[in-house]
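Top to bottom, those sequences are chains W and X. All residue numbers for the first sequence refer to the numbering used here, where the first residue is 1162 and numbers rise by one. All residue numbers for the second sequence refer to the numbering used here, where the first residue is 287 and numbers rise by one. Here the structure is laid out as structure tokens; the discussion comes afterwards.
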Amino acid sequence: MGLPPFVWLILWLILSAPFVYIIGRIDVRTGSRRYLAHWLSLLCMALAWVAFGRVLTDFFGAGNSTSDVSPDFVSQATWRLGAITMRFDGLSLLLAALVLTLTTAILIYSRSYIGRSEGAEKHYALLLILCGVMIGLGSAGDLFNLWLWFEAMAIASYPLVVFYHRDRTSLEAGIKYLVQSSAGSVFILLGISLVFLSTGSLDVLEIRQAIESAPTGTPLWVIAGVLFFIGFGIKVALVPLHTWLPDAHAQAPSGISAILSAVVIEAGLIALLRALSALGGASSTWGALLIGFGVLNMILGNLIALRQKQVKRLLAFSSISQVGYMVVGIGVALYLGTTAGSQAGFFHLLSHGLMKGLAFLAVGALLFAVQHGLGEPGSEENHHSLNIEDLNGAAQRYPIIVLVFSLALLGLGGLPPLVGFMSKWQIMVAGAQANDTIILIVLLIAGLSSVLSLGYYAPLINAMYRRNQATVISQGRSVPLSMLIPLIVIGISIVILGIVPILAGWLTIPAARALMAAFGQ
Amino acid sequence: MYREFLPYLIFLTIGTPWIGAFIVWVTSDNRPRALNFLASAFSLIAAIAALLLLDQSQWTATNEVSFQLPMGPFIGDMTFVADGLGVYLAVIATVIGSLTVIFSIGYMAGSAQLSRYYALVLLFIGSMCGLVLSGNLLFLFLFWEATAFCSYALISFHNDDPKAVAAGIKALIITQLGGVGLLIGIVIAAANLPDLQVSTFLAQSGSLPSNILAVIAFSFLFAAIAKSAQVPLHVWLPDAMEAPTPVSALIHAATMVNAGVYLLARFYPSFVPVTGWTTIVITVGILSALLAAGMAIMSNDLKRVLAYSTVSQLGYMVTGVGIGAIFQSQFYLFSHSIFKALLFLGAGAIIHELGTRDMREMGNLWKRMPQVAIPFLIGAAALVGLPFFNGYWSKELLIEAAFEYNLVVFGLLVIGAGITAFYASRMCWMVFFTKPQAAFESFAPVSSPHRPHVHWSMLLAIFILAINVLFAWLTAGRFALWLRAVLPYHAPYILHGHDPATLISWATIFSISALATLSVTILAIGAWWWRVRSDRPADVSGRMSLAIRWLDFAFNRSVSGIASVTMSAAGLLQKTQTGQLNWNTVGIAMALIALLIILVGIR
């Protein structure tokens, strides 16, 4: 039996990484330093895209785009090896596409940003692994396997967060991330064991069948669901489990911040949904919980972001609030059982991935430009983080970077016609269809917090368009093309997707259908 | 003119300024002449396209779609409809827009970041046309937000000045609050109606459950109050005067602030059945008309006087919509945009020359700058409503409608006209006729004996507007005919039982309401004259003024109070982000326990 293409894709990414590392290491040891690790990782990524092309033809060849998810398709997309079940459905596709896009962008971008700094080869190899692991996480079909991928994702990302391992604050952030994630994974494991105890199965679909046929009212599954919520919720940064996120996202190298905010959070959310789908019987409860967390996230994230002075911390808190929108959209979908809400939520997942990825990359580019003035990262010397005042007047020296950064910020703030508005709009329309007063109030909160968010995005943009330049900006160096290209490409895509949102339909519609099918609706 | 041109004309009106904005944005700041030329050319093309839309062959009804493009789920069809309500606002936006662009050639000469300025102005003109021509609620909202963004960016144009930045944020947040109201209303409408088309909404709103319709109606009203700077959300407009003066003329007097009135007028037929809606609209309108006029008496900043005056005049228009006088209100809007743009541009020429906005430092400008003084006085006369400027006709027609509607409303509006005459006389007196006040004489740059040279572009724009103030009212009858012909849903509210041909007639001039208004106006001017004769100070004080001042202060305080409460709430929340791992883990444990209690404990 041949392996299905998506397994090839995952294996390729994970197995090629050690070679990137070893060859990069040899490159460093011999002192030639020809960016070998970088070129090699790009090559691996290119091949991964070829594999992804095969995955796509397989996926859409099965007729998944036109009809509803059929049982035939489910069995066809499933791959088993012993007790391991992998299943590539719409959710997996959405995550895979987002992960591959952003990882590629970050690999191109890292050439100058990471450059030849110490441990660069490690960085490239870990990025490839992280990419493969996240695709694996998206397509895990049984709970234990899901947990393994989830842990692998966490392990691959720790060293990336503490890339500047001589910097104390980075180490502190890394420790927080490590401890809190591990706490979460203990809860997940506990939840899985509870489910296994009562159903004797780990496959998500089988568990659901077992639960649906069983007499209702067993609190065991509810407890398991709560444990999943807490465990995965830590990675998704649901309030009050979010406390690790601002530190980790602000301290990591910008490319990694982009991956953490734009994909790792989303991957956690998809893992949470996958785990909950096993307990699908009580989906309206899970929907209500998601909406509740979403409201908390929007309020807290936006309010704290108002008081941030550091650009990257501001973006990190904005991620917390953006998660709120996604979760509200998907929560509404589960609560009401409509496809529209989940489609909207996934669209926001996608658009947030692009916008926040772009925002962090743009900050990274500016940071790269002015690093000289701020002091080298990773050194114990008095290097300070990028504050908003440091960006005063940046538009004159770096017009393109500042323009795309502003587009990303305005999109995050929900201004039309950018993609961030369109996704929020869809969430709102989906929510309003409920004709439910409580959901309307939630939507009102969502709208108001969008306004509140302009209270921190607008001053940031305004500062960059000032005439009086900050000294670090006027002394800044020029930014190479390799960093600009990913910025420009993502920048154009958020405008185009904002004007013609249906272009993302090939990703969001199958994902929404898969979610509804997974929850048996 | 052939009807097939219609979609192209619409696209020219909306698209040319946007394309121009892009081209201007990428043009270097070091080429001001090219920038001036490009910006004027693009805005003029849009203006010509909009004027061609006025041709009788292009008349389109509200339910006649001129352009349609399917956009998929959640959005429906993107449509543009060139009916009367939309087109004349588009004409105002593009014509006054191009005049302000031309004015800017002189006003902004030598200013830095000129390309950003012109790009934002052009973007605004395009967005405003899009807002009024859009036939899809979602796109209406998109353009609505785009105008708010341009307004913000232009208020904060001098972004090294903290006052301008703060004013910009204030305007942005308040108008966006209104935007949330609009969004909620549209979203609810979208969930309950077959599609998002404006005409569908107008046709089928009767079938909506009354509570849902009420929520939509009040959400839209909230949006309009924020956008049109009505009490109590008017506080952003006076602060917005930090913007360059041409921007104030275009955005904060002639166009964007009218969007709220437009919204109310557009959906009036649907919202009339909602209990209490019209009463609240009238109350808001009258409160704004009177309070803001009172505040205009107290202010010594020329632009702030004009800003308060705008709030007050918008109050008249809102009242007009509330009493069901759609035509009168829209005609008022039309006249007001012209004379208020003229006043702002005239003020801009003065401020440009003197370098101050404080009226106490001005004076005697009648002798020094007659070429500006005469048009400015024409504008002021229209604002006051002296016969036979355009402001006279629009005010008389609106007040006549109020007279037929309700005597209390009528009385209050007449009092408002009196206050208007009073503050306008005070403004003109302080700026043009009296000497600078002694305390400010040292600052006053009156030393230069020669007549200042006012740039030709500024004079050109001012003169064109002044001529329009003198003659634009002649179009009233045709305007009414047009609106009647193309607004099927509004037809019962447009000059019900009146003949458009008799609008401009002796009957109007000698009607009771017109005579009453005129006499109150003349009395108010006389009152100011008496104050001047009896050598009273130009600073008005007294119990009444104290009360108004206190009220204005209270409004501002409550806004900043909300802002500071938000910030301190944020500060409290920030304390929860201790950065200590122990507390973080406690948070996780607490969340777990809380969820378990909620889900398991309740069962």
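The beta-carbon is built from N, C-alpha and C at its ideal position, and this holds for glycine as well.
For the pair of segments examined, the segment 403 to 419 of chain X was found to touch the segment 360 to 379 of chain X: the number of CB pairs separated by less than 8 Å reaches three. W/Ile1245 sits in a strand when the DSSP states are folded into three classes.
A straight-line Cα-Cα distance of about 10 Å links X/Phe504 and X/Ala510. Here X/Ala512 carries a helix assignment [DSSP, helix/strand/coil].
Per the DSSP secondary-structure output, X/Leu355 pairs in a beta bridge with X/Met364.
Sequence-distant Cβ neighbours of W/Asn1458 in its own chain, meaning closer than 7 Å and more than five residues away, are Leu1399, Val1400, Ile1481, Ser1482, Val1484, Gly1485 and Val1488. The alpha carbon of X/Gly671 has as its nearest neighbour, out of X/Tyr438, X/Ile790, X/Ala707 and X/Pro661, the alpha carbon of X/Ala707.
For the segment 1597 to 1617 of chain W, residues whose beta-carbon sits nearer than 8 Å to a beta-carbon of chain X comprise Leu1601, Leu1604, Leu1605, Gly1608, Leu1609, Ser1611, Val1612, Leu1613, Leu1615 and Gly1616. If you check each beta-carbon in the segment 1382 to 1414 of chain W against every beta-carbon of chain X, the ones closer than 9 Å belong to Val1383, Ile1384, Gly1386, Val1387, Leu1388, Phe1390, Ile1391, Gly1394, Ile1395, Leu1399, Val1400, Pro1401, Leu1402, His1403, Thr1404, Trp1405, Pro1407 and Asp1408. Look at W/Lys1283: its C-beta is not under 9 Å from any C-beta on chain X.
Three or more Cβ pairs drawn from the segment 581 to 600 of chain X and the segment 517 to 529 of chain X lie within less than 8 Å of each other, which places the two stretches in contact. The three-state reading of DSSP puts W/Trp1240 in strand, counting E and B together. Between X/Ala758 and X/Gln657, the alpha-carbon positions lie close to 21 Å from each other. Closest in alpha carbon position to X/Gln863, among W/Leu1176, W/Gln1469 and W/Val1383, is W/Gln1469.
If only complete runs of 4 or more residues are kept, the segment 413 to 473 of chain X shows the alpha helix (DSSP H) at 423 to 441, in order along the chain.
Two segments are said to touch when three or more pairs of C-beta atoms, one from each, lie closer than 8 Å; by this definition the segment 1460 to 1480 of chain W touches the segment 1610 to 1623 of chain W. Around X/Val517, the same chain offers Leu573, Ser574 and Leu577 as residues with beta carbons nearer than 6 Å, after the five sequence neighbours per side are excluded.
With the criterion set as a beta carbon lying under 9 Å from some beta carbon of chain X, the members of the segment 1334 to 1347 of chain W are Ile1336, Lys1337, Val1340, Gln1341, Ala1344 and Gly1345, in sequence order.
In the structure shown, X/Asp369 falls within a coil segment according to DSSP collapsed to helix, strand and coil. Taking C-beta atoms under 8 Å as the contact rule, X/Ile748 and X/Ala635 qualify, at a distance of about 7 Å. If you check the CB distance, X/Leu751 and X/Ala627 come in under 9 Å.
Relative to W/Ser1273, the option among W/Leu1522, W/Asp1597 and W/Ala1315 whose CA is nearest is W/Leu1522.
Pairing X/Val351 with X/Val367 gives a Cβ-Cβ distance under 9 Å. The alpha helix (DSSP H) runs of length 4 or more contained entirely in the segment 498 to 550 of chain X are, from start to end of the chain, 522 to 525 and 531 to 535. Taking 8 Å as the cut-off between beta carbons, the residues of the segment 866 to 889 of chain X near chain W are Leu867, Trp869, Asn870, Thr871, Gly873, Ile874, Met876, Ala877, Leu878, Leu881, Leu882, Leu885, Val886 and Arg889, in sequence order.
Interface with chain W (9 Å Cβ-Cβ cutoff): X/Arg402 is included. The alpha-carbon of W/Met1206 is positioned some 10 Å away from that of W/Trp1200. Using beta-carbon distances, W/Arg1674 does not count as an interface residue toward chain X, since no partner is under 9 Å.
Just measuring C-alpha positions, the residue of X/Arg646, X/Phe443, X/Thr605 and X/Ala489 sitting nearest X/Ser534 is X/Phe443. W/Tyr1338 is the residue among W/Arg1329, W/Tyr1338 and W/Tyr1325 whose C-alpha sits nearest the C-alpha of W/Tyr1319. With a threshold of 16 other beta carbon atoms within 10 Å, W/Asp1250 meets it and is buried. Rounded to whole angstroms, the separation of the alpha carbons of X/Pro356 and X/Gly362 is 6 Å. Counting along the chain, the unbroken alpha helix (DSSP H) around W/Ile1391 starts and ends at Pro1380 to Val1397. At a beta-carbon threshold of 9 Å, none of the residues of chain W lie near X/Val560; the nearest stands roughly 17 Å away. Looking from the CA of W/Val1472, the closest CA among W/Ala1520, W/Trp1210 and W/Trp1308 belongs to W/Ala1520.
Under the Cβ criterion of 9 Å, X/Met357 is counted among the residues facing chain W.
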